[in-house]
Amino acid sequence: MANRIRPEVHSGIRCDNCGMVPILGHRFKCINCKDFDLCSSCEELIPHDAKHTFLKIRIPTPIGINTFPFIPAPLSKHHSEPSSESGTYTNTNTNSPTSSQQLQPLLFYQLGLHLVTPPRRGLSLLSPHPQDRPDPPSPTFVDTVNQFGFKLQYLLATEKCPNGVASANIYRCLMIAAAGSQGTNLEAFAKVLGFDARIEALASAVRNIVQLDKYCEPDPSNDSGVELAIGSSAWPGRFIDIKPAWAEMMRRVFELTFARQEARAMNAWASKRTQGKIRSVVQEMDISQEDIKLITCLYFKAKWEVPFTKYSTCPGVFFGFGNGEVKNVRMPCDVMHRTSDILYLEDSVAQMCVLPYQTKKSEKNKPEPSPFLSAPHSAFKTPAAFTNENQNFVLEPAWKAAIILPKTPGVEPILTILSHFSTSPSALRSLFNVSPPNDNNTHFSSNLKPTYLHLALPRFTLKQSSDISEPLFKQGLRPISRPSAAFSPMTPSQYAYVASIKHELFVDVNEEGTEVAAATSMGFFGSANPPARVPVEMKVERPFLFFVFDSRSGCVLCSAVVSEVGMD
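Under UniProt numbering, residues 1 to 568 are what the sequence shown spells out, in order.
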């Protein structure tokens, strides 16, 4: 197997948008600004002055070599204004949006696909070697997906609790629809999903969400102990046509499967891809022969790195949100207990702890190094987080769970925290301090510190079915609910519209670990005894926030407001 090409490291150069230090891969330097650089992902996503020129620097300038002022180069595609003569690009923000005849071939071109190329299963747009795990997308894009999820969850939490969302799963479903839209619908998707209403930006967002999915999926050749599967499907009715170009692109980019609408088949597909945790995504009454239904599924299962002992679980009480004059409701539940050194953070607002999952195969049977053999000499040791055997710079997700317990009871503190995350995309990143290692720091640092903690956590199962149409419409997706020809890249129908967007979520937390399943559907139509230590108490007996996240990329797989628990 050929090794992946190691990306160039631009030492000492910082991306002025996402903060990546150093910039890995291609560096984009604006010669019209003073000391302004972008990484390749941010250059695709972030608009800049169209009159400025960016230089694409592949290889870092060696130290000690004299440099001279750069000669201005022609504007790159990303920053050039559309030519009125070529007719190959038209900004969708103008009054004359790109026609569907122009949109599909142009989107194929931006994604690096060709209409004449036959489909290949598992086609990768991210690497010349499809079997390789891609690096995580830029921090900017991960923040965009996280912010989208927290905005949606905040709107849901203002109406009902408990609730939960798998933001990347919903984002993927909406992105599939966005790739089949134009005009006002494309502008609406761009506003809600956080990209510019241009074909280049749409293609970049599509590549990024596919890259995020591929990064999150476990390597089948490496028994990591984590199960994570993603699936996408489209179910057209008998009397609605799908344009072959869009269908071909979705098959190759999202590995979308197609089948005729039938409730039993659709529910069986979702149940299989969520390991039976979500058995129903549609009812017989939802079936129509004149619409298209998109379904995306997610399944995640992982064991705690340090499991809770079952004999420590005992009956307890959880105080949920009350109604009216009743401030809180007592709920009997099973409470798991653990006292050990746990990553912990506390301030005047909340307590927070982080519990890691097992992410690598146990090495207890690995032979010890022989004292008669010297270790390989190396002046510089490559950080383990950036290596995978002989493959360079292959990051694997480091899945963890976070529990945030507000110190003040009630729904308002929960809403305040969600609002903070939804309005400050980098707030969660700052909280976890998720940043790639640099020359001076070869480890991922964190604001959380190992603390001798007694954690009392209720064992809970959250099953949630939500109609997320209205919250998304409030954020800016209202145009897609109106009949129009703005979905013509997907279907020739002149009156296509989105009738509903639903989200199913299952979260189970017990002594062994965590299991998450999600489905989103869219309908168109030591030795010596140490001194005794007193543990910090974190008694989770009132509503709290629960997250499953990757501490390397910062991607939040699932977030939930847990306000109700019960006994098995």
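Even glycine gets a Cβ: it sits at the ideal position worked out from N, Cα and C.
- In this structure, the alpha-carbon of C30 lies about 15 Å from that of H10.
- Ranking R172, I242, G149 and S233 by CA distance to the CA of D213 puts R172 first.
- The segment 186-203 makes no contact with the segment 248-268, as fewer than three CB pairs between them are under 8 Å.
- The Cβ atoms of S181 and P489 lie closer than 8 Å to each other.
- For T274, the CB contacts under 6 Å within the same chain, skipping 5 residues up- and downstream, are C297, Y299 and A517 in chain order.
- Going by DSSP, H420 is part of the alpha helix (DSSP H) stretching over V411 to T423.
- W304 sits close to G513, with the two beta carbons spaced by under 8 Å.
- Classified as buried, N169 has 16 or more neighbouring CB atoms from the shown chains inside 10 Å of its CB.
- Here the C-alpha atom of H48 lies approximately 14 Å from the C-alpha atom of C18.
- Fully enclosed alpha helix (DSSP H) runs of no fewer than 4 residues occupy 40-45 of the UniProt domain "ZZ-type" (10-62), in order along the chain.
- DSSP places L448 in the coil class of the three-state scheme, outside both helix and strand.
- Here DSSP, grouped into helix, strand and coil, assigns Y154 to helix.
- The three-state reading of DSSP puts E227 in strand, counting E and B together.
- The secondary-structure analysis by DSSP pairs L294 across a beta bridge with A234 and M522.
- Contact fails between the segment 469-486 and the segment 449-456, because fewer than three Cβ pairs, one in each stretch, are under 8 Å apart.
- If you compare the alpha carbons of H503, E187, F506 and R478 with that of Y497, the shortest gap goes to R478.
- DSSP, reduced to helix, strand and coil, places L256 outside both helices and strands of the structure shown, so it counts as coil.
- Between T491 and I240, the C-beta gap is smaller than 8 Å, which places the two residues in contact.
- Exclusion of the five residues before and after S280 leaves N267 as the residues of its chain whose Cβ lies within less than 6 Å of its Cβ.
- One Cα belongs to L405, the other to C33, and the distance between them is close to 44 Å.
- When the Cα atoms are used, N447 and V536 turn out to be separated by approximately 17 Å.
- The segment 139-187 contains, as complete alpha helix (DSSP H) runs of 4+ residues, the segments 139-157 and 167-178 (chain order).
- At a Cβ-Cβ threshold of 8 Å, V329 and F319 count as neighbours.
- Between the alpha carbons of I292 and P139 lies a distance of about 33 Å.
- Under the 8 Å Cβ criterion, the segment 198-208 does not count as touching the segment 222-241, having fewer than three qualifying pairs.
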